[in-house]
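Peer 1: Below: one structure in structure tokens.
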Amino acid sequence: MADRHHAATAENHAADFLRKIQGHSPNSNQVIGFLTLLTAGGILLLLTGVTVTVVVLGLIFFTPLIVVSSPVWLPIATVLFIAVAGFLSTCGFGVAVVAGLSWIYKYFKGRHPPGADRVDYARSRIADTASHVKDYAKEYSGYLQSKVKDAAPGA
């Protein structure tokens, strides 16, 4: 009787364990996704290995040629680098000038480009400051004229 009870309890534990495993088992979409990930990872790893192998073999075969012809390649590389850098910087400056002129055109046409409000604010601040300086200069020049009259009464 005790053996039968022990066997029934063991079967219940086994059934509970199988239910837990089935509850945590992945569904078919997850299995397909994992297999796809595994396949893609394997292909990328294989391509990485082939790339490294080709690079190493290329260095082995072409290093003597590069060493022998390096007196020619260094000046050529320097000239090409300077030419490409000059061309790219010229193109970049050209794009910057066109963008600036486009912004100025839109600003003067009244289309309100981005940042126009800041320009208007700066313009009003400069005008206010110039007005205050002008007023201060008028007051100060009157002060100086009175001092000159005090210093030289006949002047």
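Start counting the sequence shown at 135; every next residue gets the next number (the numbering used here). Where is the CB? At the ideal position from N, CA and C, for every residue including glycine.
When DSSP labels each residue in this structure, what does HIS147 get in the three-state scheme?
Peer 2: Counting from one through the sequence shown, the residue named residue 147 turns up at place 13. In this structure, HIS147 counts as helix in the three-state DSSP scheme.
Peer 1: Between the beta-carbon of TYR241 and the beta-carbon of VAL253, is there less than 8 Å?
Peer 2: As a working note, residue 241 is residue 107 in the sequence shown. As a working note, residue 253 is residue 119 in the sequence shown. A contact, by the Cβ cut-off of 8 Å.
Peer 1: So for ASN161, helix, strand or coil by DSSP?
Peer 2: For the purposes of this step, residue 161 is taken as residue 27 along the sequence shown, with counting starting at 1. Coil, per DSSP.
Peer 1: Could you tell me the alpha carbon to alpha carbon distance between ASP269 and ALA250, rounded to whole angstroms?
Peer 2: Counting from 1 along the sequence shown, the entry for residue 269 is found at position 135. Counting from 1 along the sequence shown, the entry for residue 250 is found at position 116. For ASP269 and ALA250, the distance between alpha carbons rounds to 29 Å.
Peer 1: State the Cα-Cα distance for the pair LEU181 and LEU191, rounded to the nearest angstrom.
Peer 2: To locate residue 181, count along the sequence shown from 1; it is residue 47. To locate residue 191, count along the sequence shown from 1; it is residue 57. Rounded to the nearest angstrom, the two C-alpha atoms are 15 Å apart.
Peer 1: Under three-state DSSP, which class holds HIS246?
Peer 2: Taking the sequence shown and counting its residues from 1, one reaches residue 246 at position 112. Correct three-state label for HIS246: coil.
Peer 1: Strictly under 8 Å for the Cβ-Cβ distance: is LEU169 near chain C by that measure?
Peer 2: Absent from the structure is chain C; it holds one protein chain and no more.
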